[in-house]
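S.K.: When the sequence shown is numbered by the working numbering, its final residue is 341 and no position is left out of the sequence of numbers.
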Amino acid sequence: EYYNQLPHKVDLQVAYAIDPMLATGGSAIDAINILKLRGIPRLSYVCIIAAPYGLLKLSQTHPDIDIFVAALDESLNDVGYIVPGLGDAGDRQFGTF
245 EYYNQLPHKV DLQVAYAIDP MLATGGSAID AINILKLRGI PRLSYVCIIA
295 APYGLLKLSQ THPDIDIFVA ALDESLNDVG YIVPGLGDAG DRQFGTF
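1. I need the DSSP call for L266, collapsed to helix, strand or coil.
2. Does DSSP put A272 in a helix, in a strand, or in coil?
3. Which residue from I262, I278, D274, S288 puts its Cα closest to that of K250?
4. Using 10 angstroms around the beta-carbon of Y247, count the other beta-carbons present and answer buried if the total reaches 16, otherwise exposed.
5. Hey, could you find the ends of the beta strand (DSSP E) L316 is sitting in?
6. By DSSP, does I292 sit in helix, in strand, or in coil?
7. By the three-class DSSP mapping on this structure, what secondary structure does Y247 have?
8. Could you compute how far the alpha carbon of S345 sits from the alpha carbon of D322?
9. For L320, name the three-state secondary structure that DSSP assigns.
10. Assuming R286 contacts V313 under a Cβ cut-off of 8 Å, what Cβ separation, rounded to an integer in Å, is found between them?
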């Protein structure tokens, strides 16, 4: 968990996992799993754009959380990028595409 810098014990009642995009759902599911392990009772996931596949996978894996999506795109391509729109948000953010 190199990306997880949360303390093992947190005193939060509510937490939001915020992400630019929800493609396959894998990272979102992992993030929510980590927050649940910390014992946070109310969790929400917020993203700008999502693919139907990732939204379905996240909602099936964590039916107890609130999910907020600003825009729902059509699908994923063969490498798991949201189409027709965003591509890879990290590549765009850091100019590596």
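From the three backbone atoms N, C-alpha and C, an ideal C-beta is built for every residue, glycine too. The structure displayed is predicted, hence computed values, not measured ones.
M.R.: Here's the rundown:
1. Translated into positions along the sequence shown, residue 266 becomes position 22. In this structure, L266 counts as strand in the three-state DSSP scheme.
2. By one-based count along the sequence shown, residue 272 stands at place 28. A272: helix per DSSP, three-state reduction.
3. One-based indexing of the sequence shown puts residue 250 at position 6. The question names Lys, yet the displayed sequence has Leu at residue 250. Minimum Cα distance to L250 is reached at I278.
4. In the sequence shown, residue 247 corresponds to position 3, counting from 1. Classification for Y247: exposed.
5. Locating residue 316 in the sequence shown gives position 72, where the first residue counts as 1. Segment 310 to 316, the beta strand (DSSP E) holding L316.
6. What you label residue 292 is simply residue 48 of the sequence shown in a count that begins at 1. I292 falls in the strand class under three-state DSSP.
7. What you label residue 247 is simply residue 3 of the sequence shown in a count that begins at 1. Note: Y247 maps to coil in three-state DSSP.
8. An answer regarding residue 345 cannot be provided, because it is not within the stretch 245 to 341 covered by the chain.
9. Here residue 320 refers to the residue found at position 76 of the sequence shown. Here L320 sits in strand by DSSP.
10. Walking along the sequence shown from the start, residue 286 turns up at place 42. Walking along the sequence shown from the start, residue 313 turns up at place 69. R286 to V313, Cβ: 18 Å. No contact.
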